[in-house]
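First the structure, in the form of structure tokens, and then the observations on it.
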Amino acid sequence: MARPVATIRRLTDWCPGDESARRFARGDASDVPLHASAHRPCSPRALLLIATTTLVVGSAFALSAGMFIRYRFAVTTALLVSTSASWSPYSGHVRAATAVPSLPPPSGAVVTVSTEPQLQSAIRQLASNTTILIAPGTYQLTGTLYINGAYTNVAIRGSADDRDSVVLRGPGMNVAAYGEAPYGIWTGGNVQGITIANLTIRDFYYHPIIFNAGTQRPRVYNVHLIDAGQQFVKSNPDGAGGGVNDGVVEYSVIEYTTTARDSYVNGVDVHTGANWIVRDNVFRNLVAPPGGLAGPALLMWNHSSNTIAERNLFINCSRGISYGLEVAGFDHSGGIIRNNMIFRGAGQPGDVGIMVADSPNTQVLNNTVFLSGTYGTPIEYRFAGTQNVVIGNNLLDGAIWARDGATGVEAGNLAGAQASMFVNAAAGDLHLVASATSAIDRGLNSPAVTSDFDGQVRPQGSAYDIGADEFGATATAYRIGGRVADASGAAVASATVSLSGSQSQSMTSDATGSYAFSSLAAGGTYTVTPSKSGYTFTPTDAFFSGLGANQTANFTAVPTAPATPPGAALAIDVVASGDQTNASGRTLKTSTFSTAGGSELLLAFVTADDSPAGGTVVSSIAGGGLTWQLVRRTNAQVGTAEIWRAFAASRLSNVSVTATISSAQAGSITVVTFTGADPSGTNGSGAIGATGSGNAKAGAPTASLTTTRNNSWVFGVGNDWDHPASRTLGPNQAMVHEYMPSVGDTYWAQRMTSVTATSGTRVTINDTAPSGDRYNLTICEVLPAPGATSPTPTPTPMPTPVPPTVTVTSPASGTTYTSPASMTVAASATANGGATIAKVDFFAGTSAIGSDTTAPYSIAWSGVAAGTYSLTAVVTDNLGATTRSAPVTVTVNAPAPAPPPPPPGTTPSTAPLVQQASLQYLGSFAVPGTTLGSTYGFNAAGTGGLGTYAMAFNPARKSIFLGGHPYEQRVAELAIPASLTDTPTATALQNLIDPLEGKLDSINPTDPNSKVIGSALVYNNQLFIGAFSYYDGAATQTRSEFSRPLDLSSQGKVVGPVKIGDRYPGWVDKYAALIPPEWQAAFGGPALAGGTLGAINSLQSWGPSATVFDPAQVNGITTVAGATLLGYPYGTPLADTATGNQYLSQADFITGMVFPAGTRSVLFFGRHGLGSYCYGTGGTAGDCYDPDDGSKGIHSYPYRSQVWAYDASDLVAVKAGQKQSYQVMPYAVWQLDASFQDVQGVAYDSAAQRLYVSQVYADNTKPLIRVYQIVVP
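Per our numbering, the sequence shown starts with residue 16, numbered consecutively.
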């Protein structure tokens, strides 16, 4: 089946050291902006009292079923003006004209400067407890202001409160020749408390402000940041699980004058930071150039926690606030997002306003997000790790989306906001106006929010206003009036209308249905209640608190229908369906139907197709004049399966039900109406019991729940994205509706054949076939009215449960490891009393570290920090009984610390050079012997120069990527064993998969010869892969580099190929390495790519080569900038290959490059031929004596595994124009290991200073991974 694939991708970043680069996030529905007018009804009757949340229903919120309507005069807010006392120097968007409070006078020593040389001198001589006070003026920085060392309580401040009076200017955000000023202010080492205040920083190629490891308690106050090349405020992790904590960014303006340089931008970007506060700031125009998507303006992630973001204004930013970004074992946790205003105009495309991703226990309260229809779900919470979140009192012009397994409480939100609710939505002024009655006094009172966007106290009236603004109050006398009519609009006369509260009156509606109460005191509290025999009313009453304007309250009278007799059994009344064959529209509509009477529950079972990117959901349902609400949704696999509910108090006649989906797709809707259902609650909520969900990439559909009431009935709805295949139902089940359209899907609804007699019964909705397709399945329990009749079975005595048993079998107690450690934690578990094992959860102390549902029960635990851990396993059986094992104690020791790099900002030319003795062999581990989903596995991996090399270290999981057999060009991810004793076998974290998704040939589509994978590099949570044409005699290859997510199973996210630099791709496509942070400025980028020789040697470098480039630019552009700092063009080889030498032969294969941190060595690895050049057949009797290789080709026997060692300072000299790339010679070459010759590739762990070398054909035909410690001299 043909599927459209989204082409717009999310962009953001991650940086292990200094320079971060963009990465493509996992594709999903957010890749394509939604334009659905989704509206989630918010009923004031749905009062939630959740003990575990901070949303509390106050006494002023106690009402029966009415409206909260309170009019108060709007407080006019001035436009921002260009003064030091106002929020922003630009007009055009409204923000409270709150003066920035002045900081206290500096304490401690004060150094006043008025010239740029004085400023640089003051930075160099900075001492603790010192403030550098800068006089007004513009300072063109000749170098970054580096604060690197042990300092306490230091500050850089403008001498006046006007932040625009002091300007620190860089070379320009587009000027790559930035000299010694790549950043504005840089901190690191051990800076305990730094304040940056009352100034403007602008026009830097990288970051205006960057906080590196060792910095704590930074404060950015009243600062104007303009036109940054990358993130404006960057806070990096320390590489050991920590980062910069207790930061504050406040009263600042962060903006682009037009757009960013590219998509790699955030306003504030914090990795692994705890307890940050970002408040009272303006983020403006944080957008990429046309066609790109910038990162979130405020991004807190990579295991950050407890962030507070409040009272910020976001104007025309591609994305607003994001707590977390990806699944990373809690990418963020805790924290509050409150009282923020996020505006985007209709002409500015973009993505989500507020995202909570893999962030448990986060609260999103009283925010206003108005994106002018540019994105359909302005607030999203995402991933299964996002649990116990509270989304409350938010005002937005779309819907809230709980996606990919996220769970939480949504209460008091108002979706579908209109521009008319705000003072000036077109200008971004999102303060409420008096007519915004659906938001005023309609929120839930919350102790976590005591004021609003402008600092005004909440509440002003009887309850909180929804959104960021709390509307102000005034006083006079007013009128309340309206009309009573039936559903058709016809007048209902003689209805009694009563007024209670501050005044008490009563009257009847006239012949037109009208009524009115006049001369009502301003500020009073009033309730209007209609009544008439034989009718019910919607709403049942109208409540007005703090009356501040004339009010209208209309009521709809509904004739009372005979109720279903109490105790009647739950039964189906009507089944109505509608199908859509192809993606011709965004609505699914049932046939017309009528119900037998009133008091019926309606369930809509809706399922729809989707693109492989996923994300299509039901935006809303309408029909019968009812309010429909979502029961549960499953869309973990492609497509969606959803259940929605409504309740009809009166008989429905000739109605249909329409579901609106977020994109045009094929689909199906089936509505089932029930008599005898529990009528309590609102919109059918009382008739819904337990719910369940199931999904799989391949399997027989199944989902289970445990019933909560006698005589309930279980129904389900599902979609199969892979095939149109009729269901084979599980036992005691019946099909409700099944549809198999031409697009190749199956949509169906099914049910149990009858009610389940006993509460507490485990009920499974399932199909036994097909059993290999991907599916989504959602099920729910329909509850009968209390006392419903049904045959009562003879009760069976419940057997006495026998708890299961569990024992941790690995590791053994007392085992020691070295951090970052990787280990397999395993347990044996036994069920008793006829039960079965449901799962085994593993814990380190009280922290969950993994779970397994299939014997043998085990998990891979990697990246374990130093410490002592008590490991236990908890087994749960299918009856819910649990048992915890006896603890096992393991110890993880810290590794020897790596030497610190030289101070940033200088060329570390005095760093030591790596020598042969610096590489100390530690041991080896084997690769898996199975094929890992491929045909050949790792057999013959890396042989004959054919690749696949593809070897790279992944710091996120302490693992390596490694290529398999050259016939298949696949790559796997392997966990590095914690111990190298007895040559253990690595476990696969990801099977051998084509990482380029069939795009390998696109590097040279006109060349019929083989294309193979060469280099691999992990950078910013992306995998970068270089590929080459093996025999490109016509020299037609022009591109080589791809990027993709580290998740090899993700689809549709491969970017490339692109060209690096201006040379033939063979110079850059066979190996790659990261440049240590301390060298990046000198080299001009974060990474190196290289290549040596090949099938057509004249096109390649005749010796090791290195081209500096930025992987972040591998984003679909045609050419990525690259500067060759090392390489030997044809005619200027490293050495004469005609005779044997220690430097180069034409039989050499160089397959790896490493730049060890803390050194000035750039190392190349591969096989070197020491003998003279010979072309012909090898062997002992061939044209060329070569007992190691009998094939026909180039020979230079004998061979050895070799290291070519270069001085980085020489490469810097090439960059400076002092040398040519071919004039650089190795300072040393040596044999790596006498026990082998062929090297498939090399991976490097900079944190542990470990080198992983893949030895070809070491384990029969498979490689062996040899591990070396780099001991820096």
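Quick reminder that beta carbons are idealized off the backbone N, C-alpha and C, glycines included.
Just to confirm my understanding: we take residue i, look at its own chain, exclude 5 residues before and 5 after, and list those with CB closer than 8 Å. What are they?
i    : result
L937 : L995, R1265, V1282, Y1283, Q1284
A637 : W643, V672, T673, T675
V573 : D501, A502, Y550, T551, F552, T553, A664, S665
A941 : T998, P999, T1000, A1001, D1274, K1277, L1279, I1280
Considering just the uninterrupted stretch of the alpha helix (DSSP H) at residue i, what are its terminal residues?
i     : result
P132  : 131-139
A1093 : Reading off the sequence, residue 1093 comes out as Glu, not Ala. E1093 -> alpha helix (DSSP H) spans 1092-1098.
Please name the residue, chosen from the options, that lies closest to residue i on a Cα-to-Cα basis.
i     : options                  : result
S834  : A651, A312, P992         : P992
V797  : N847, T723, T868, N408   : T723
L1032 : A967, F1043, V379, V302  : A967
H446  : I225, E983, L1114, N381  : N381
Y271  : D218, T869, G691, F1179  : D218
G1155 : R1215, K1207, A1104      : R1215
S949  : A1003, P1126, G802       : A1003
P186  : N213, R178, D179, A196   : A196
A1088 : K1026, Y1190, A1104      : A1104
W736  : Q765, S786, V729         : S786
T1152 : E265, Y1188, T631, A1136 : Y1188
Leaving aside the five residues before and after residue i along the sequence, list all residues of the same chain whose C-beta is less than 7 Å from its C-beta, in chain order.
i    : result
N791 : T649, N650, A651, Q652, G654, T655, A656, N710, G733, N734
H666 : Here residue 666 turns out to be Arg, not His, going by the sequence shown. Excluding sequence neighbours, R666 sits near A576, T610, G612, G613.
A508 : S524, D525, A526, G528
Taking buried to mean at least 16 other C-beta atoms within 10 Å of its own C-beta, is residue i buried or exposed?
i     : result
I352  : buried
G979  : buried
T1133 : exposed
I481  : buried
M315  : buried
Q1233 : exposed
G699  : buried
A124  : exposed
P826  : buried
K1207 : exposed
P801  : exposed
Which whole-angstrom value describes the C-beta separation of residue i and residue j, a residue pair presumed to lie in contact below a C-beta threshold of 8 Å?
i    : j    : result
A987 : L977 : 6 Å
A451 : A430 : Contact doesn't hold; Cβ gap of about 14 Å is too wide.
S278 : N237 : Not really, about 29 Å apart at Cβ, beyond 8 Å.
D782 : L720 : With a Cβ gap of about 16 Å, D782 and L720 do not count as contacting.
M838 : V879 : 7 Å
N376 : L459 : Not really, about 18 Å apart at Cβ, beyond 8 Å.
Could you pull the start and end residues of the beta strand (DSSP E) that residue i belongs to?
i     : result
W1082 : Taken as a continuous stretch (DSSP letters only), W1082 belongs to no beta strand (DSSP E), as it is neither H nor E.
D1274 : 1265-1274
P233  : 231-243
L1226 : Note, L1226: premise wrong, no beta strand (DSSP E); alpha helix (DSSP H) at 1223-1230.
T596  : No beta strand (DSSP E) contains T596, which DSSP labels as neither H nor E.
M370  : 369-372
G707  : 703-711
S885  : 882-892
M188  : No beta strand (DSSP E) holds M188; DSSP gives it neither H nor E.
A863  : 862-867
M436  : Element bounds for M436: n/a, residue is neither H nor E.
L1141 : 1137-1141
Q1246 : 1243-1246
E11   : Residue 11 lies beyond the stretch modelled for the chain, which goes from 16 to 1288, so this question has no answer here.
E425  : 423-426
Excluding the 5 residues flanking residue i on each side, which residues of the same chain have their C-beta closer than 6 Å to its C-beta?
i     : result
Q1157 : V1244
D594  : S683, Y754
Y105  : Caution is warranted here: a pLDDT of 31 is assigned to Y105, below 50, making its placement in the model unreliable, and the coordinate value is therefore given only provisionally. If we look at Y105 and ignore the five residues flanking it on each side, it has no Cβ neighbours.
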